[in-house]
């Protein structure tokens, strides 16, 4: 099984992987934009609430609320690789698998409504009651992470081999 310790037996310190700096900067820019829009609407030159459009206020409040929640997620989401486990933490949830609980890895691709693709890495547990750790390649992952991840059994390759073997048996 893949481990994170060095070959000399000395364990390495845990590694924390965050979302891409570009995504984090975009979240801050979107938050600033939404706050400026909301505050600009609230402190416009119109006196009182009579001249304001309530739907416009609700729209800007909703956009600002979304921007705040997205920024909290973007700055709070991390992947932690420690000596004995991998953990995905978000502001609302934390999933953790010890190395002994990992069955293997998978990589999936999902197509968005606009035709673009998002690639997901998955760490699959041995027990189906344990969490599947799934994350996009939007995290800044280093060579040490990919070395650990590539050392896990490739479940997609196993499935392809089984399908190829079953096709030969049918012939």
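Numbering (our numbering), first residue to last: 629 to 799.
Ideal Cβ placement from N, Cα and C applies to all residues, glycine included.
Span of the beta strand (DSSP E) around residue i
i: residue 723; result: 722-726
i: residue 645; result: 643-646
Start and end residues, alpha helix (DSSP H) containing residue i
i: residue 656; result: 649-670
i: residue 578; result: Residue coverage of the chain in this structure runs from 629 to 799, which leaves residue 578 outside it and unanswerable.
Presumed contact (8 Å Cβ cut-off) between residue i and residue j, rounded CB distance
i: residue 643; j: residue 773; result: 7 Å
i: residue 757; j: residue 735; result: Contact doesn't hold; Cβ gap of about 23 Å is too wide.
i: residue 709; j: residue 776; result: 6 Å
Beta-carbon gap between residue i and residue j smaller than 8 Å
i: residue 705; j: residue 717; result: yes
i: residue 761; j: residue 702; result: no
i: residue 659; j: residue 696; result: yes
i: residue 707; j: residue 763; result: yes
i: residue 645; j: residue 768; result: yes
i: residue 726; j: residue 783; result: no
i: residue 747; j: residue 730; result: no
i: residue 698; j: residue 669; result: no
Any C-beta of chain C under 8 Å from that of residue i
i: residue 737; result: Absence of chain C from the displayed structure is noted, only one protein chain being present.
Three-state secondary structure (DSSP) of residue i
i: residue 638; result: With a pLDDT of 47 at residue 638, under the threshold of 50, the predicted position of this residue should be treated as unreliable, and no value is reported.
i: residue 632; result: With a pLDDT of 49 at residue 632, under the threshold of 50, the modelled position of this residue cannot be trusted, and the question is left open.
Checklist entry - Taking only runs of the beta strand (DSSP E) that begin and end inside the segment 680-761, which ones reach a length of at least 3 residues, in chain order? => result Whole beta strand (DSSP E) segments, 3+ residues: 706-709, 713-717, 722-726, 730-739 and 745-753.
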